[in-house]
Amino acid sequence: MPRYLFIGNYAPQGTQAIMAAGGTARRAAIEKMCVDLGGRLESFDFAFGTDDVYVIADLPDQRTAAAVTLAVNGSGMVAVRTVVLVTPEEMDAAGQVHADYRPPSA
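The opening position of the sequence shown corresponds to residue 0 in numbering that gives the first Met the number 0, with each subsequent residue numbered one higher.
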């Protein structure tokens, strides 16, 4: 199952909601969403610095990952960006595909 990294930054209202309900409640809500979509929550971590939260989830496909991104961003409580994760084995397989790429030339 494809894995995705969701990197989120909370709006002030989202931060206030986490302070009120707690971090474990937020993790439980994200885990339920993943399971309901046929996936699995691998990790959920809050962070200091530029980003507020990192979530790694196994989801059935890109359509599902895009739906998650749309739903989360559409809430207005958090801005999320999504990164498709590639395993070392998938990278090995990709290295066996030979793309006929020609760089731009003058």
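Glycine is no exception: its CB is placed at the ideal position from the N, C-alpha and C atoms. Just so we're clear, the structure is a prediction, and the values are computed from it rather than from any experiment.
task: With Asp44 as the anchor, note down where its beta strand (DSSP E) starts and where it stops.
output: 39-45
query: To which residues does DSSP link Leu84 through a beta bridge?
result: Arg2
task: Inspect the CB distances between the stretch 63-74 and the stretch 16-27 and report whether three or more fall short of 8 Å.
output: no
query: By how many angstroms is the C-alpha of Leu69 removed from the C-alpha of Ile55?
result: In this structure, the straight-line span from the alpha carbon of Ile55 to that of Leu69 is close to 17 Å.
query: Span of the beta strand (DSSP E) holding Asp57?
result: 52-57
- request: Give the single residue among Gln12, Gly13, Ile17, Gly22 whose Cα lies nearest to the Cα of Phe43.
  value: Among Gln12, Gly13, Ile17, Gly22, the Cα nearest to that of Phe43 is on Gly22.
- prompt: Start and end of the alpha helix (DSSP H) containing Thr14?
  reply: 11-20
field: Expected contact under 8 Å - CB spacing of Pro1 and Val83 to nearest Å
entry: 7 Å
query: Taking the C-alpha atoms as reference points, what is the distance between Asp57 and Pro102?
result: 35 Å
- prompt: From this set, Ala92, Ala66, Val85, Tyr100, which residue's C-alpha is nearest Cys33's C-alpha?
  reply: Ala66
message: Checking the sheet assignment: what are the DSSP bridge partners for Gly7?
response: Its beta-bridge partners are Val52, Val79.
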